[in-house]
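Participant: Have a look at this one before I ask anything.
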Amino acid sequence: MKLSVLLAPTLKEVPREAEAASHRLLLRGGFIRALSAGVYQFLPMGLRVLRKIEGIVREEMNRAGAQELLLPALHPRELWEVTGRWTTYGDDMMKVKDRTGRDFGLGPTHEEVITNLMAQEVQSHADLPKMLYQIQVKFRDEPRPRHGLLRCKEFLMKDCYSFDATREGAEKSYAVMKRAYETIFTRVGIPFFPVQADPGLIGGSLSHEFIMPSESGEDTVLRCESCDAAVSAMRPDGSPEAAACPACGKDRKKMTGMEIGHIFFLGTKYSSKMHAEFLDADGTRKPIEMGCYGIGVSRLVSAVVEARHDEKGIVWPKSCAPYRAVVVPILMDKPDVIEAAERLYRDLDLAAPGDVLLDDRPARAGVKINDADLVGVPVRVVLGRGVSKGLAEIQERAGQKSREVPLESAVEEIRKIWA
RNA sequence: CGGGGUGUAGCUCAGCUUGGCUAGAGCGCUUGGUUCGGGACCAAGAGGCCCCGAGUUCAAAUCUCGGCACCCCGACCA
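For what it's worth, our numbering labels the leading residue of the first sequence as -10, then goes sequentially.
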């Protein structure tokens, strides 16, 4: 992609509203723009990051044996009345009426919808187990959206639901998902740790949050440094957890972080209310054992930036960078430089189709290089004076210093970095 | 929902206290020129419902009242 045609409006100055590092950098880098409080537009580069993270999540879900589907965002009120959550979820759910006055909710989560589906489709223990997931826009009427993509009224979420015939099977599904989550966050490239958590409004008996340590986070956890066990600093009843680790007795440290994933063992909480039952081998009808597993995909974008930035801008991990490399010709009046840049761009684009940027803008060197640092593409190739000696300058965004390589081996060198 | 703050050019902001000239600066944008390896310089331009509404006044960006929006802290929340 040529930067001259890409909608990637970088900002030199920080928009007034941005406070958190990820919020500032995503705005400045031209990844996102606000439409309203907690409602964001993903510009082309922002969407590319979102899609890459989505791709990692999708691969790991599929690998874990989950099947992708797509459920509606518009939920009829009656469905939520069955579980009582039309009332208990309350104002956190966006509610709308159709032209006849019928009530609908914009889905904040999908237990009702998917349990209803499975109630219709599952007859026998032979139909189980099943794991189903979707990557979809969710709506939650947050009383206070904040920090850009961190907490939004509309956001992209991966939600997965497991359906098992037995409690043991359901616990196994839970464990499979927990492992998949660990793989996902590792691949995305952010630090994290699991925490025993409060099941909250989703409900159920067992639940883990995945926390990324960050000052911008909203969660406080107690973490034991010797055995790594961690819990929410507040228990459901509001009383603070004791400072000593129950596992090893050592002191625990209070720290803040952001929740990047949450998994719940649900048991039969929804299935029994919604009559999602199956006929077991022994001839009795039983409610399905369920679990649900969420990752805020759009929130992950800001989590990555919180974890991976420096004073110059974003330092995208290779796995979710909007582009894998950017070619930056900085002597725009030198035909050999232009020509070398276009050739290198074509060759790199052949190696990573659609994943390479060419900064063909007629801008000054400083502007281009600062933009490249801000946007945070992992590999930058500067073409300037060195071109007359057949040299290109490769700089890894995460690295310290650049190095010069012969133009003809530049593609090969960059492929090594990508590998 | 409680507390605090902010709404003036695309962005960052000054002007408001003490009402009055044609509403400003920097950055960005357009055109021309000089520059050209780390956010250049000179010149000429374009760009405004001073958040909205009602009031006070000869006169309101400025004062009063009411609303709306956005940000931060808290409550709540995955």
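The C-beta atom is built at its ideal place from N, Cα and C for all residues, glycine as well. In this text, all values refer to a predicted model and were calculated from it rather than measured experimentally.
Compute the distance between the beta-carbons of SER308 and ILE45, then report whether it is under 9 Å.
Facilitator: Closer than 9 Å, so yes.
Participant: In whole angstroms, give me the CA-to-CA distance for LEU32 and VAL102.
Facilitator: Whole-angstrom Cα-Cα distance: 31 Å.
Participant: Could you check the C-alpha separation between PHE267 and SER291 for me, to the nearest Å?
Facilitator: Each residue's Cα considered, the two are about 41 Å apart.
Participant: Give the secondary structure of GLU101 by DSSP, where H, G and I count as helix, E and B as strand, and everything else as coil.
Facilitator: Looking at GLU101 - three-state DSSP - the assignment turns out to be helix.
Participant: Are the beta-carbon atoms belonging to LEU139 and SER196 less than 9 Å from one another?
Facilitator: No, the pair does not count as a contact, with Cβ atoms beyond the cut-off.
Participant: Give the secondary structure of ASP208 by DSSP, where H, G and I count as helix, E and B as strand, and everything else as coil.
Facilitator: Residue state, collapsed to three classes: strand.
Participant: Report the CB separation of MET166 from ILE277 in whole angstroms; it is logged as a contact under 8 Å.
Facilitator: In fact, because the Cβ distance is near 16 Å, the residues do not count as touching under 8 Å.
Participant: Classify LEU339 as buried or exposed, calling it buried when 16 or more other Cβ atoms lie within 10 Å of its own Cβ.
Facilitator: Classification of LEU339: exposed, given that the 10 Å Cβ count is below 16.
Participant: Tell me whether ILE21 sits in a helix, a strand or coil according to DSSP, three-state version.
Facilitator: In this structure, ILE21 counts as strand in the three-state DSSP scheme.
Participant: Looking only at its own chain, which residues have a Cβ that is under 6 Å from the Cβ of TYR282, when we skip the five neighbours before and after it?
Facilitator: Result list for TYR282: CYS149, MET166 and ILE252, in chain order.
Participant: Is DSSP giving MET409 helix, strand or coil here?
Facilitator: The first residue shown for the chain is -10 and the last is 408, placing residue 409 beyond what the model contains.
Participant: Just how far apart, CA to CA, sit PRO311 and GLU207?
Facilitator: Answer to the nearest angstrom: the Cα atoms are 27 Å apart.
Participant: Using the C-alpha atoms, what's the distance from LYS378 back to ILE173?
Facilitator: Using only the alpha carbons, I get a separation of about 44 Å.
Participant: Going by CA-CA distance only, name the one from GLY302, ASP269, GLU143 and GLU402 that's closest to MET83.
Facilitator: Taking only the C-alpha atoms, the option nearest MET83 is GLU143.
Participant: By DSSP, does ARG40 sit in helix, in strand, or in coil?
Facilitator: Reduced to three states, the DSSP call for ARG40 is helix.
Participant: Could you tell me the distance, in whole angstroms, from the CA atom of ARG22 to the CA atom of GLN30?
Facilitator: The straight-line gap from Cα to Cα measures roughly 5 Å.
Participant: On a Cα-Cα basis, can you pick out the residue from PRO318, GLU6 and LYS1 that is closest to SER(-7)?
Facilitator: Comparing Cα-Cα distances from SER(-7) to each of PRO318, GLU6 and LYS1, the minimum goes to PRO318.
Participant: Between the Cα of GLY246 and those of ALA62, LEU333 and ILE179, spot the shortest distance and give me the residue it belongs to.
Facilitator: For GLY246, the nearest C-alpha among the options comes from ILE179.
Participant: VAL370 and ALA381: beta carbons closer than 9 Å?
Facilitator: Yes, they are a contact pair.
Participant: Please report the residue range of the alpha helix (DSSP H) in which ASP325 lies.
Facilitator: Element bounds for ASP325: 324 to 340.
Participant: Can you tell me which residues form a DSSP beta bridge with THR175?
Facilitator: Beta-bridge pairing links THR175 to no other residue.
Participant: Is the stretch 252 to 263 touching the stretch 91 to 99, taking contact as three or more C-beta pairs under 8 Å?
Facilitator: At 8 Å Cβ cutoff, the stretches do not touch.
Participant: Decide if ASP349 is buried, meaning its Cβ has at least 16 other Cβ atoms within 10 Å, or exposed.
Facilitator: It counts as buried.
Participant: In this structure, how does DSSP classify HIS414 when only helix, strand and coil are distinguished?
Facilitator: Absent from the model: residue 414. The displayed extent of the chain is -10 to 408, so no value can be given.
Participant: Do you know offhand how far ARG74's Cα is from LEU63's?
Facilitator: Approximately 15 Å between the Cα atoms of the pair.
Participant: Does ILE383 come out as helix, strand or coil in the three-state DSSP assignment?
Facilitator: Here ILE383 sits in strand by DSSP.
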